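Colleague:
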Amino acid sequence: MRVVQVTRAKGPLELVERPIPEPGAGSVRLKVEACGICHSDSVTKEGIWPGIQYPRVPGHEIAGIVDAVGSGVAGWTTGQRAGVGWHGGHCGSCDSCRRGDFVTCQVAPQVPGVTYDGGYADYAVVPAAALALIPDGLSAVEAAPLMCAGITTFNSLRNSGARAGDIVAVLGVGGLGHLGVQFAAKMGFKTVAIARGGDKASLARKLGAQHYIDSQATDAAAELVKLGGARVILATVTSSKAMAAVVGGLGVNGKLVIVGASSEPLEVPVLPLIFGRRSIVGWPSGTSIDSQDTLAFSVLTGVRPMTEVFPLERADEAYERMLSGKARFRAVLTTG
Ligand SMILES: NC(=O)c1ccc[n+]([C@@H]2O[C@H](COP(=O)([O-])OP(=O)(O)OC[C@H]3O[C@@H](n4cnc5c(N)ncnc54)[C@H](OP(=O)(O)O)[C@@H]3O)[C@@H](O)[C@H]2O)c1
Ligand SMILES: [Zn+2]
Numbered sequence: 014m015r016v017v018q019v020t021r022a023k024g025p026l027e028l029v030e031r032p033i034p035e036p037g038a039g040s041v042r043l044k045v046e047a048c049g050i051c052h053s054d055s056v057t058k059e060g061i062w063p064g065i066q067y068p069r070v071p072g073h074e075i076a077g078i079v080d081a082v083g084s085g086v087a088g089w090t091t092g093q094r095a096g097v098g099w100h101g102g103h104c105g106s107c108d109s110c111r112r113g114d115f116v117t118c119q120v121a122p123q124v125p126g127v128t129y130d131g132g133y134a135d136y137a138v139v140p141a142a143a144l145a146l147i148p149d150g151l152s153a154v155e156a157a158p159l160m161c162a163g164i165t166t167f168n169s170l171r172n173s174g175a176r177a178g179d180i181v182a183v184l185g186v187g188g189l190g191h192l193g194v195q196f197a198a199k200m201g202f203k204t205v206a207i208a209r210g211g212d213k214a215s216l217a218r219k220l221g222a223q224h225y226i227d228s229q230a231t232d233a234a235a236e237l238v239k240l241g242g243a244r245v246i247l248a249t250v251t252s253s254k255a256m257a258a259v260v261g262g263l264g265v266n267g268k269l270v271i272v273g274a275s276s277e278p279l280e281v282p283v284l285p286l287i288f289g290r291r292s293i294v295g296w297p298s299g300t301s302i303d304s305q306d307t308l309a310f311s312v313l314t315g316v317r318p319m320t321e322v323f324p325l326e327r328a329d330e331a332y333e334r335m336l337s338g339k340a341r342f343r344a345v346l347t348t349g
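In C-alpha cells, the structure reads:
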C-alpha cells in the first residue's frame with residue numbers, strides 16, 4: 014500500500030510503499046477513501062507531540078470502509094462505512110475511562126496519525142472502539158473533515174450552555190471555524206463570524222453567519238459588545254493573542270470556549286471574569302458516538318465542509334495549502 018510518512022520532526026512528507034497491515038485483537042482495518050488535513054497534523058509533522066515515534070503516518074480525519082476485522086471485535090463487519098477522528102482509543106481502566114469519560118483518558122490516550130499510523134495512506138488499522146458509522150447521506154470526502162473539525166465544533170457548541178437565540182461568535186474561519194459557523198447557525202444561535210480581513214465576509218454569510226467582524230479593520234470585542242455581548246465565543250484560531258483580544262466581547266455569564274491550540278499563554282484581565290461571571294474553558298473533540306451525532310446532525314441540517322480535494326501523492330502540497338491559510342476551507346486527501 015501507499016503511505017505518506019514523516020521520518021523525523023520537521024522532515025518532509027514522503028510517499029513510500031509498505032505492506033498492508035493486519036488488524037490485531039480489538040482493531041479493524043479501514044480501506045481509507047478520504048482523509049482531511051487538520052492543523053493538528055502539525056504535531057506529527059513538526060514534532061510537537063512529546064515522545065512521538067518516527068516514521069509516522071499523519072492523519073486523523075479518516076473516512077473509509079471496514080476491510081478486515083480483528084479478533085474480539087463485536088458490531089463491525091467488512092463493507093461498513095466508518096470513520097475515525099482525533100480520539101482514536103483509550104485505556105479503558107483509568108479513573109476517567111471508568112467514569113465513561115474516554116476523551117480525557119490520562120493513561121493511554123490513542124490518536125491516529127500521532128500515537129499510531131493514521132490516514133495519509135491506502136489502509137489504516139484502528140481500535141474498533143474509536144469507529145463511527147458513516148451514514149449514506151455523506152460522501153467520504155464530506156465525512157472526513159467532520160471526524161475532527163466537525164465533531165470538535167459541533168460537540169463544543171452543543172455543550173457550551175448557549176441556547177437558541179443567544180449570540181454565539183466563532184473566532185477564526187478556517188477548517189474548524191467554517192464548520193463552527195454552520196453548526197452555530199443550524200443550532201439556532203445568532204451567529205457572528207470573526208476573521209482577519211474582509212475576503213471571508215461573503216463566504217461566512219453564505220455559511221450562515223448573521224454578522225461578520227473583520228478583526229483587522231475593527232476592534233472585534235467592541236463590535237461584539239455593540240451587538241449585545243456574546244454568550245459564547247468559540248475560539249478556533251491558533252493564536253492566544255487573537256483569543257485574548259475578543260474576551261472583552263463576552264456578555265455577562267459569557268464563556269470563551271477554546272478549541273484552537275496554541276503554545277503561547279493566554280493573558281486576559283481578571284476583574285471582568287469575576288464581576289460578569291465570565292469563564293474560559295477548553296474543549297477536546299469527543300468520542301466515536303459524538304462523531305456519529307455530528308454526522309447525523311450534518312445530514313439532518315445540510316451542514317457540509319467546503320473542501321479542496323488532492324490525491325494522496327500530493328499530500329505535501331495539500332498540507333502547505335492548509336498551513337498557509339489558503340485552503341477554502343479543508344484540504345482532503347483521496348486514495349481513489
Ligand atoms: N480542541 C480540539 O479537539 C481540536 C481539534 C482540531 C483542531 N484543533 C486545533 O484548532 C486549531 C484550528 O485548526 P484548523 O484545522 O481549523 O486550522 P486552519 O484551517 O489552519 O485554520 C487556522 C485558523 O487560525 C487562524 N489563525 C492562524 N494564524 C493566526 C494568527 N496569527 N492570528 C489570528 N488567527 C490566526 C485563522 O484565522 P482567520 O480565519 O482569521 O484567517 C484560521 O481561522 C488548530 O490549533 C488545531 O490544532 C483542536
Ligand atoms: Zn484534528
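Mapping of the sequence shown onto this note's numbering: position 327 corresponds to residue 340, and the numbering continues sequentially without gaps.
Glycine included, every Cβ here is placed at the ideal spot set by N, Cα and C.
In this text, all values refer to a predicted model and were calculated from it rather than measured experimentally.
Out of G295, V70 and F310, which has the shortest C-alpha to C-alpha gap to S173?
Modeller: Taking only the C-alpha atoms, the option nearest S173 is G295.
Colleague: Pick out every residue whose C-beta is nearer than 6 Å to a heavy atom of ligand 2: which are they, in chain order?
Modeller: Those residues, listed in chain order, are C51, S53, H73, W99 and C161.
Colleague: Within 10 Å of its beta-carbon, does S40 have 16 or more other beta-carbons around it, so buried, or fewer, so exposed?
Modeller: Label assigned to S40: buried.
Colleague: Tell me whether N168 is buried or exposed, calling it buried when 16 or more other Cβ atoms sit within 10 Å of its Cβ.
Modeller: Buried.
Colleague: Residues in its own chain within less than 8 Å of V56 by CB, not counting five upstream and five downstream?
Modeller: Excluding residues within five positions, the ones whose Cβ falls inside 8 Å are W62, I65 and V127.
Colleague: Among the residues of its own chain, which have a CB less than 6 Å from the CB of G49, if the five just before and after it don't count?
Modeller: E74, A157, P158, R343 and V345, listed in sequence order.
Colleague: At the level of alpha carbons, what is the spacing between A38 and A142?
Modeller: Their Cα atoms are separated by approximately 12 Å.
Colleague: For S292, which residues does DSSP report across the bridge?
Modeller: S292 pairs with K268.
Colleague: Give every residue of the same chain whose Cβ lies closer than 7 Å to the Cβ of V70, excluding the five residues on either side of it in the sequence, and list them in chain order.
Modeller: So the list reads V16, V17, Q18, G126, D130, G131, Y133 and A134, once near-sequence residues are dropped.
Colleague: Take T91 as the anchor and find which of V97, A81 and I302 has the nearest alpha-carbon.
Modeller: Of V97, A81 and I302, the residue nearest in Cα terms is A81.
Colleague: K239: which of G210, L269, V205 and I271 sits nearest, CA to CA?
Modeller: The candidate whose alpha carbon is nearest that of K239 is V205.
Colleague: Give the single residue among E236, L237, F196 and G241 whose Cα lies nearest to the Cα of K219.
Modeller: That would be F196, whose Cα lies nearest to the Cα of K219.
Colleague: Which one or two residues does DSSP pair with L26 in a beta bridge?
Modeller: Answer by DSSP bridge pairing, in chain order: V19.
Colleague: Check each candidate in I302, V194, S253 and G264 and name the one with the smallest Cα separation from G315.
Modeller: Measuring from the Cα of G315, the nearest candidate turns out to be V194.
Colleague: Between L144 and chain E, is any beta-carbon pair separated by less than 8 Å?
Modeller: Considering every chain present, this structure includes no chain E. It has just one protein chain.
Colleague: Closer than 7 Å: is that where the CB of S252 sits relative to any heavy atom of ligand 1?
Modeller: Yes, since a heavy atom of ligand 1 falls inside the 7 Å radius drawn around the Cβ of S252.
Colleague: Please report the Cβ distance between V97 and L144, rounded to the nearest whole angstrom; I am assuming they are in contact, meaning their Cβ atoms lie under 8 Å.
Modeller: Confirmed, Cβ separation roughly 6 Å.
Colleague: At which residue ranges does the stretch 139 to 219 contain complete alpha helix (DSSP H) runs of 4 or more residues, listed in the order of the chain?
Modeller: Runs found: 153 to 158, 164 to 171, 188 to 199 and 214 to 219.
Colleague: Please state if the CB of T249 and the CB of V312 are separated by a distance shorter than 8 Å.
Modeller: Contact: no.
Colleague: Since Q123 and C107 are thought to touch, with beta carbons under 8 Å apart, how far apart are those beta carbons, to the nearest angstrom?
Modeller: The Cβ separation is near 13 Å, so there is no contact.
Colleague: Return yes when at least one heavy atom of ligand 1 lies under 7 Å from the C-beta of M200, else no.
Modeller: No, the beta carbon of M200 sits no closer than 7 Å to any heavy atom of ligand 1.
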